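Per our numbering, the very first residue in the sequence shown carries number 3; after that it's consecutive.
Presented below is the structure to which this report refers.
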Amino acid sequence: MSRGFEKAIERIGTKVLVEGSEGLVKGIAVLYPIRYRHKQWGNVETAANGRSDPERYIMFCAVSLVENSKYGDLVFEGKNKYVIIWKDNYCCRLGDYARVCVRRVKGD
Numbered sequence: 003m004s005r006g007f008e009k010a011i012e013r014i015g016t017k018v019l020v021e022g023s024e025g026l027v028k029g030i031a032v033l034y035p036i037r038y039r040h041k042q043w044g045n046v047e048t049a050a051n052g053r054s055d056p057e058r059y060i061m062f063c064a065v066s067l068v069e070n071s072k073y074g075d076l077v078f079e080g081k082n083k084y085v086i087i088w089k090d091n092y093c094c095r096l097g098d099y100a101r102v103c104v105r106r107v108k109g110d
C-alpha cells in the first residue's frame, strides 16, 4: 500500500501529542477550521465563507496516532489544547489516514 497520504501530512503538518488510554503518542497532523457548507432550503440558498464554529477543527493524521483514542481524549499542538469529539478512519489508494473532529479548549 502507498504511503502518499502520510507523506503529505508529514510535509505540511505540525507536531502534535495525543493523550489517550495508552498514554502520550507523538505524531504529525494537519489541523484546519471547520467551514460552513453550501445549503439550500427550498428556493433559499446560503453559502458562507467564515468558520461555522471558531473553536472546532478537523485533524488529518496517520491512523496509528489516534488508534487508541476516544471521545474526550486530548490533543496538544504548540500552546493549543483540543478535545476529541469524533474520529473516522479512511483507506484509499494513497494510504490509510484518520479524520478527527476536535474542539479547542479555552483556558485551564
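Positions of the beta carbon are idealized from the N, C-alpha and C atoms, including for glycine.
In this text, all values refer to a predicted model and were calculated from it rather than measured experimentally.
Per DSSP, residue i forms a beta bridge with which residues?
{"i": "Arg105", "result": "Arg58, Val85"}
{"i": "Gly6", "result": "Note: Gly6 sits in no beta bridge, so no partner."}
{"i": "Ile36", "result": "DSSP, once it has assigned bridges, lists no residue as partnering Ile36."}
{"i": "Val26", "result": "Correcting the residue identity first, residue 26 is Leu in this sequence and not Val. DSSP output for Leu26 lists Glu21 as bridge partner(s)."}
Given that a residue counts as buried once 16 or more other Cβ atoms are within 10 Å of its Cβ, and exposed if not, what is residue i?
{"i": "Asp90", "result": "exposed"}
{"i": "Leu26", "result": "exposed"}
{"i": "Ile87", "result": "exposed"}
{"i": "Glu24", "result": "exposed"}
{"i": "Met3", "result": "With a pLDDT of 49 at Met3, under the threshold of 50, the predicted position of this residue should be treated as unreliable, though the coordinate-derived value follows. The residue is exposed, with fewer than 16 neighbouring Cβ atoms inside 10 Å."}
{"i": "Gly15", "result": "buried"}
Enumerate in chain order the residues of its own chain whose CB-to-CB distance from residue i is below 8 Å, with the five nearest sequence positions on each side excluded.
{"i": "Ile11", "result": "Ile30, Ala31, Val32, Phe62, Cys63, Ala64, Tyr99"}
{"i": "Tyr92", "result": "Asp98, Tyr99, Ala100, Arg101"}
Is it true that the CB of residue j sits closer than 8 Å to the CB of residue i?
{"i": "Val85", "j": "Arg105", "result": "yes"}
{"i": "Phe7", "j": "Leu67", "result": "no"}
{"i": "Val107", "j": "Lys83", "result": "yes"}
{"i": "Ser2", "j": "Gly22", "result": "The requested residue 2 is not part of the displayed model; the chain covers only 3 to 110."}
Would a check of beta-carbon distances place residue i closer than 8 Å to chain C?
{"i": "Gly109", "result": "Looking at the structure shown, chain C is missing, and only one protein chain is on hand."}
Excluding five sequence neighbours on each side, which residues of the same chain lie with their C-beta closer than 7 Å to the C-beta of residue i?
{"i": "Glu79", "result": "Thr16, Val18, Leu33"}
{"i": "Arg13", "result": "none"}
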